[in-house]
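K.L.:
Numbering (the working numbering), first residue to last: 104 to 488.
Here a beta-carbon is modelled for each residue, glycine too, at the ideal position from N, C-alpha and C.
Sharing a structure with you now.
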């Protein structure tokens, strides 16, 4: 444990000393526990290092078959727009890569261009166009190609490619109904997403006969109008994603995608009596409960331990710091995907995995090409010699 201690910073020396105390038989004596868990103290998590296989002498070398046996996915909740699942046996780098792919590289179709003929409402043209762009459009992105240079510069209908462009129009005027009083709501005073009208291009009418493109939600408020005000505009939708030079959040298929590590709570020294009651009261998520043993009562971990938010209230006080061990499993992720409604969350996760696989295959090909070029260069040098 002392090898390489020379030159360590203050925090590193403190961490090394803590590990030595554990090895000597402290409250957390098992060093292997640190390999699998992040231990959370009153101020911050500790021992966050991810240990690769082979770090511990008794570990076997990595094999794909063994990894497959240890990898698990368990769906906890699933609906049309949300999915929560456990994913374990995976390195955090892969779990985070999937999260980033969900946020930025799974493509959708969104409003990209807005051609405004008339807008005399209170919302300026650029703000109106921005709000329109953020309305999620319900259409299968695989039915379209990414826009070409010609499509990006297209203005007239004759220039539009039905394989790359989806067209909507919005034409609405606010007015008062005949004989209506001043306190009565005018007609079209609220412009909603349901008023976007799809305009088929080419063979799109037949192509989408059973699944017409439309906004995911019909009640999104775009703007408000007063009598006499009107809006007349045309929108072009393109396929895109939330990465690269032209990336934008409007193409993100998820409202959010996030994960947290599986909590683990251990009471390593019994907490009884008034201290037990105080510990139970400290946790806002009810992760502790009272157990009646007849002549005494003690604190135990409840079945709601998964709800732990790592607020660390249970380990801040010195009287509890050495009695409660708060940790998180390094390779067990509670994953949450919240779709915008365009693509179901399970399908989103599949597409993220496929994208990661394609990126890995591309990197492997690039490495093989470099190796091949290096071999050719080496042979050429031998011939010159």
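To which residues does DSSP link residue 326 through a beta bridge?
P.N.:
Position 223 of the chain shown, counted from the start, is the residue given in the question as residue 326. Beta-bridge pairing links residue 326 to 294.
K.L.:
Is there contact between the segment 331 to 341 and the segment 264 to 284, where contact requires at least three CB pairs shorter than 8 Å?
P.N.:
Yes, the segment 331 to 341 is in contact with the segment 264 to 284.
K.L.:
Under a three-way DSSP split, which group does residue 271 fall into?
P.N.:
Locating residue 271 in the chain shown gives position 168, where the first residue counts as 1. Of the three classes helix, strand and coil, the one that applies to residue 271 here is strand, per DSSP.
K.L.:
Report the rounded CA-to-CA distance for residue 398 versus residue 379, giving the unit in angstroms.
P.N.:
One-based indexing of the chain shown puts residue 398 at position 295. One-based indexing of the chain shown puts residue 379 at position 276. Going by the C-alpha atoms only, they are around 14 Å apart.
K.L.:
Are the beta-carbon atoms belonging to residue 448 and residue 189 less than 8 Å from one another?
P.N.:
In the chain shown, residue 448 corresponds to position 345, counting from 1. In the chain shown, residue 189 corresponds to position 86, counting from 1. Cβ atoms of residue 448 and residue 189: not closer than 8 Å.
K.L.:
Ends of the alpha helix (DSSP H) at residue 254?
P.N.:
For the purposes of this step, residue 254 is identified with residue 151 of the chain shown, where counting begins at 1. Run containing residue 254: 252 to 255, per the alpha helix (DSSP H) assignment.
K.L.:
Take the Cβ of residue 354 as the centre, count every other Cβ of all protein chains shown within 10 Å, and call the residue buried at 16 or more, exposed below.
P.N.:
Here residue 354 is taken as the residue at index 251 of the chain shown, counted from 1. Classification of residue 354: buried, given that the 10 Å Cβ count is 16 or more.
K.L.:
Taking residue 390 as the reference, give the member of 370, 481 and 375 with the closest Cα.
P.N.:
The sequence position of residue 390 within the chain shown is 287, counting from 1. The shortest Cα separation from residue 390 among 370, 481 and 375 belongs to 370.
K.L.:
Can you tell which of 143, 300, 134 and 197 has the C-alpha that lies nearest to the C-alpha of residue 428?
P.N.:
Your numbering for residue 428 matches position 325 in the chain shown. The candidate whose alpha carbon is nearest that of residue 428 is 143.
K.L.:
What residue range does the beta strand (DSSP E) around residue 405 cover?
P.N.:
For the purposes of this step, residue 405 is taken as residue 302 along the chain shown, with counting starting at 1. Careful: residue 405 lies outside any beta strand (DSSP E) and carries neither H nor E.
K.L.:
With 16 as the cutoff for other CB atoms within 10 Å, does residue 202 come out buried or exposed?
P.N.:
Stepping through the chain shown from its first residue, residue 202 is reached at position 99. It is buried - the Cβ of residue 202 has at least 16 other Cβ atoms within 10 Å.
K.L.:
Whole angstroms is fine: what's the gap from residue 417's alpha carbon to residue 401's?
P.N.:
Position 314 of the chain shown, counting from 1, holds the residue named residue 417. Position 298 of the chain shown, counting from 1, holds the residue named residue 401. Near 15 Å, if we compare the C-alpha coordinates of residue 401 and residue 417.
K.L.:
Whose CA, out of 317, 330 and 263, lies closest to the CA of residue 289?
P.N.:
Along the chain shown, one-based indexing puts residue 289 at 186. Minimum Cα distance to residue 289 is reached at 330.
K.L.:
Within the segment 187 to 235, note down every full beta strand (DSSP E) run reaching 3 residues or more, in order along the chain.
P.N.:
Runs found: 211 to 222.
K.L.:
Would you mind reading off the limits of the beta strand (DSSP E) that contains residue 432?
P.N.:
Taking the chain shown and counting its residues from 1, the one referred to as residue 432 is at position 329. 427 to 442 is the extent of the beta strand (DSSP E) around residue 432.
K.L.:
Taking all protein chains shown into account, do 16 or more other C-beta atoms lie within 10 angstroms of the C-beta of residue 223, making it buried, or fewer, making it exposed?
P.N.:
Stepping through the chain shown from its first residue, residue 223 is reached at position 120. Residue 223 should be labelled exposed.
K.L.:
Can you give me the C-alpha to C-alpha distance between residue 278 and residue 414, rounded to a whole angstrom?
P.N.:
As a first step, residue 278 is located in the chain shown; it is residue number 175 there, counting from the start. As a first step, residue 414 is located in the chain shown; it is residue number 311 there, counting from the start. Residue 278 and residue 414: Cα-Cα distance of roughly 54 Å.
K.L.:
Would you identify the three-state DSSP class for residue 281, choosing helix, strand or coil?
P.N.:
Taking the chain shown and counting its residues from 1, one reaches residue 281 at position 178. Note: residue 281 maps to coil in three-state DSSP.
K.L.:
Give every residue of the same chain whose Cβ lies closer than 6 Å to the Cβ of residue 274, excluding the five residues on either side of it in the sequence, and list them in chain order.
P.N.:
Within the chain shown, numbered from 1, the residue matching residue 274 stands at position 171. Hits under 6 Å: 335.
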